[in-house]
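With this note's numbering, letter number 96 in the sequence shown gets 96, and the count goes up by one each step, no holes. Beta carbons are placed, not taken as given, at the ideal position from N, Cα and C, and that holds for glycine. Remember, predicted model here, so these are calculated numbers, not experimental data. First comes the structure, then the notes that go with it.
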Amino acid sequence: MGQKLFREDVFAEKDGKLTVVGCKCRQCGAISYPKNDQCVFCLAEDMEEVEINKKGILYSYTITRRNVDRWKAPHAIGMIWMPDQKVSLVAPLIMEGEEDPFTCGEEMEMVITKYWDEGDDEVIGYKFKQVGKDGGEH
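The structure is reproduced here in structure tokens:
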């Protein structure tokens, strides 16, 4: 079985591992995700690729209790704030079987994992898990 990325433009390989990337403005220093050709803050067009932190804070989330396309219910989506980089990501959250296991403000950690199977390929993406929990696939 092969692997493919759910979006190739948000990943880079570093030291043999996949990492999520955004961009940093060389003029004002603002970080954006996903990558852009132009800074969304100062409109400069001088951008460089930057690795997005793996840990952040759960700002908000929702739990969907219906199947949505390939996402089986229940599944959670959260907004993760990276305070050091001043950037947010919206991403799937790994649920550990509890009805409502999350608390806004808790620390979360990014994991690169399988999203779903597509033909003979595993589609790979990123999810966030609560720091201190194993975070199995769902």
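Quick check: the Cα distance between E107 and E13, rounded to an integer number of angstroms? Stepping through the sequence shown from its first residue, residue 107 is reached at position 107. Stepping through the sequence shown from its first residue, residue 13 is reached at position 13. Near 25 Å, if we compare the C-alpha coordinates of E13 and E107.
Is it buried or exposed, C39, if we count other Cβ atoms within 10 angstroms and call 16 or more buried? For this step, residue 39 is matched to residue 39 along the sequence shown. Buried is the call here.
For my contact list, I155 and L18 are in at a C-beta cut-off of 8 Å; report their separation, rounded to the angstrom. The structure shown does not extend to residue 155, since the chain spans only 1 to 138, so no value can be given for it.
Note the first and the last residue of the continuous beta strand (DSSP E) segment covering E13. Within the sequence shown, numbered from 1, the residue matching residue 13 stands at position 13. Taken as a continuous stretch (DSSP letters only), the beta strand (DSSP E) holding E13 covers F11 to K14.
Same chain, Cβ closer than 8 Å to Q27, five either side skipped, listed in chain order: Counting from 1 along the sequence shown, the entry for residue 27 is found at position 27. The residues are C39, C42, A44 and D46.
Which residues mark the beginning and the end of the beta strand (DSSP E) in which M110 is found? Along the sequence shown, one-based indexing puts residue 110 at 110. Residues E107 to E118.
Could you pull out every residue in the same chain whose Cβ sits closer than 8 Å to the Cβ of H138, ignoring the five residues on either side in sequence? The sequence position of residue 138 within the sequence shown is 138, counting from 1. Note on H138: pLDDT 35, under 50, position unreliable in the model; no value is reported.
Who are Y61's beta bridge partners in DSSP? Against the sequence shown, residue 61 aligns to sequence position 61. Note: Y61 sits in a beta bridge opposite G78.
Along the chain, where does the beta strand (DSSP E) that runs through D37 open and close? By one-based count along the sequence shown, residue 37 stands at place 37. Counting along the chain, D37 falls outside any beta strand (DSSP E), and DSSP gives it neither H nor E.
Whole angstroms is fine: what's the gap from S60's alpha carbon to P92's? Working through the sequence shown from its first residue, we reach residue 60 at position 60. Working through the sequence shown from its first residue, we reach residue 92 at position 92. Taking the straight line joining both Cα atoms gives about 12 Å.
Alpha carbon to alpha carbon, how far is Q130 from M82? Give it in angstroms, no decimals. Counted from its first residue, the sequence shown places residue 82 at position 82. Counted from its first residue, the sequence shown places residue 130 at position 130. Each residue's alpha carbon lies about 14 Å from the other.
How big is the Cα-Cα spacing for M1 and D120? Translated into positions along the sequence shown, residue 1 becomes position 1. Translated into positions along the sequence shown, residue 120 becomes position 120. Going from the Cα of M1 to the Cα of D120 covers about 5 Å.
Can you tell me whether E45 is helix, strand or coil according to DSSP? Indexing the sequence shown from 1 puts residue 45 at position 45. E45 falls in the coil class under three-state DSSP.
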